[in-house]
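Report on the following structure.
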Amino acid sequence: MPRVIAGSARSVSLDTPEGLDTRPTTDRVKETLFNMIQWDIADGVVVDFFSGSGALGIECISRGAKHAYFADNSREAVKCIDSNLKRTHFEDKATVFTTDAVRAAHMINEKHVDIIFMDPPYNKGLEADMLSTFKNCAYVDRDTLIIIEAELDTDFSYVDDLGYTVSKVKEYKTNKHVFVRLK
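Using the numbering used here, the letters of the sequence shown map in sequence onto residues 46 to 228.
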């Protein structure tokens, strides 16, 4: 069972949705990821698209983010996110959308978002769809860090054509995190 790694909700266990539709980020991968971005979280606004259990956004709130948005089109996942927010007492710092990520992206009303997490289903091209969508979202600017979890062999050579640059890639055994920013 995944847990919150650090911060005010440290060690709190998190529920995960049933079934094979979600791939919870392992604690080890999550710890590596948050070691890389820990200084970008405090007082920030984060978005967790394709949220699953909501673990990444909840980890950010635990580490001092002022607000997190969660979006998942699975009712089972949203029930899980709501349960985890209640368990960590973070309901007042969260907004949860039960809809697809593209629609949710247009529902966020912020001047700036600091970090966007995306862990879409693999091999469906949703990463490119979302990056195209962000071009029309005023809250995404050059200071917004977009972190995409993808399979190791996922090609991101197209991001340049969309007006983004890959600033870092961190590979694990079966997947990777790709760090992207607007040019």
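Using N, Cα and C, we set each Cβ at its ideal position, and we do this for glycine too. Predicted model only: the values in this text are computed from it and were never measured.
- In the three-state reduction of the DSSP assignment, Glu63 falls in the coil class.
- According to the DSSP assignment, Lys131 belongs to the alpha helix (DSSP H) that extends over 120-133.
- Residue environment: Arg108 is assigned as buried (16 or more neighbouring CB atoms within 10 Å of its CB, all protein chains considered).
- Rounded to the nearest whole angstrom, the C-alpha separation of Asp186 and Asp60 is 33 Å.
- Put simply, the backbone Cα of Gly52 is about 33 Å away from that of Ser177.
- Note on the region 60-112: whole beta strand (DSSP E) runs with a minimum of 3 residues are 90-94, in chain order.
- Between Phe162 and Asp205 a beta carbon distance of about 22 Å is seen, past the 8 Å cut, so the two are scored as non-contacting.
- For Ala183, there is no enclosing beta strand (DSSP E), as DSSP gives it neither H nor E.
- Annotated as proximal: Lys138 and His112, with beta-carbon spacing under 7 Å.
- Using a Cβ-Cβ distance cut-off of 8 Å, the region 71-81 and the region 113-125 are not in contact, since fewer than three pairs of beta carbons, one from each stretch, lie closer than that value.
- Membership of Thr140 in the beta strand (DSSP E) is indicated by the continuous run 139-142.
- Cβ atoms of Ile103 and Asp117 stay farther apart than 8 Å, at about 13 Å.
- DSSP, reduced to helix, strand and coil, places Leu207 outside both helices and strands of the structure shown, so it counts as coil.
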